[in-house]
Amino acid sequence: SLKWTRRQLHTTKTFLNRRSANPWNAFVRKNLNEYNEGRGTGDRMKLPAFIKAHHAELSSKYYRLMSTEKEDLRKSVVNLRQSRVKVVRANPKVLQKDINATFNIMQNEWTAIHARTGFEGMYLAVRGDAEQYHEPKLFYTSKVASFIKDVLGMEPKRFALKIESWVKRVVMNYENYERKIVETYSIALDG
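Residues in the sequence shown are numbered from 12 upward in steps of one, following the working numbering.
The following block contains the structure:
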């Protein structure tokens, strides 16, 4: 059936799936940093070359580690991840690409959840500032779409635009209007 096929196609759980900390990776990173310590930029060994050149030695040392030492390595990776400063992207185009990629993943996950479980739902995100360039992001299942059309009397996209216009209310400041607008730009508002 169509429902069974959709469930089979959408059985992945990839939404923001972050790999857990791996003690082997932490061990290799620690050894690489120790090896490269004191070396100039052009003399440092890259990770793939380091592993290739020292694989037997690394494996031997790693397998001799106690489980508590491996757990300490894993915890060091977790602490490093948590201590990293989150970069705020100031470039509007980069923000737009980030938002589009994130919402594409969300749409795939919602489609998969709906196909697997029959769960009905929607999400709606709109820009909260005139400086943002992305358009409203909206996902809805067919029953939610019919609810918006029948109960609210509008298309789902129009509903999203109405919410966006409500969120982005602009307040005009008429203080020093004559000097700041009329004299500077030779523009006057009528009406």
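Every residue, glycine too, gets a C-beta built ideally from N, C-alpha and C.
(1) Is it true that the CB of asparagine 47 sits closer than 8 angstroms to the CB of methionine 56?
(2) Give the straight-line distance between the Cα atoms of glutamate 175 and valine 89, rounded to the nearest whole angstrom.
(3) My understanding is that proline 147 touches isoleucine 159, with C-beta atoms under 8 angstroms, so please give their C-beta distance in whole angstroms.
(4) Please report how far the alpha carbon of methionine 117 lies from the alpha carbon of phenylalanine 150, in whole angstroms.
(5) Could you tell me the distance, in whole angstroms, from the CA atom of glycine 132 to the CA atom of alanine 67?
(6) Any idea if proline 34 is buried or exposed, counting beta-carbon neighbours within 10 angstroms, 16 or more meaning buried?
(7) Please classify tyrosine 151: does DSSP put it in a helix, a strand, or coil?
(8) Ends of the alpha helix (DSSP H) at alanine 67?
(9) What's the gap between the Cα of glutamate 45 and the Cα of tryptophan 177?
For this structure:
(1) Locating residue 56 in the sequence shown gives position 45, counting from the first residue. Locating residue 47 in the sequence shown gives position 36, counting from the first residue. Result yes, Cβ atoms of methionine 56 and asparagine 47 sit closer than 8 angstroms.
(2) As a first step, residue 175 is located in the sequence shown; it is residue number 164 there, counting from the start. As a first step, residue 89 is located in the sequence shown; it is residue number 78 there, counting from the start. Taking the straight line joining both Cα atoms gives about 38 angstroms.
(3) Here residue 147 refers to the residue found at position 136 when the sequence shown is read from its first residue. Here residue 159 refers to the residue found at position 148 when the sequence shown is read from its first residue. With a Cβ gap of about 14 angstroms, proline 147 and isoleucine 159 do not count as contacting.
(4) Your numbering for residue 117 matches position 106 in the sequence shown. Your numbering for residue 150 matches position 139 in the sequence shown. Cα to Cα, methionine 117 sits roughly 9 angstroms from phenylalanine 150.
(5) Counting from 1 along the sequence shown, the entry for residue 132 is found at position 121. Counting from 1 along the sequence shown, the entry for residue 67 is found at position 56. Approximately 53 angstroms, taken between the alpha carbons.
(6) By one-based count along the sequence shown, residue 34 stands at place 23. The residue is buried, with at least 16 neighbouring Cβ atoms inside 10 Å.
(7) Here residue 151 is taken as the residue at index 140 of the sequence shown, counted from 1. Correct three-state label for tyrosine 151: strand.
(8) What you label residue 67 is simply residue 56 of the sequence shown in a count that begins at 1. 58 to 74 is the span of the alpha helix (DSSP H), which, as asked, contains alanine 67.
(9) For the purposes of this step, residue 45 is taken as the residue at position 34 of the sequence shown. For the purposes of this step, residue 177 is taken as the residue at position 166 of the sequence shown. Each residue's Cα considered, the two are about 56 angstroms apart.
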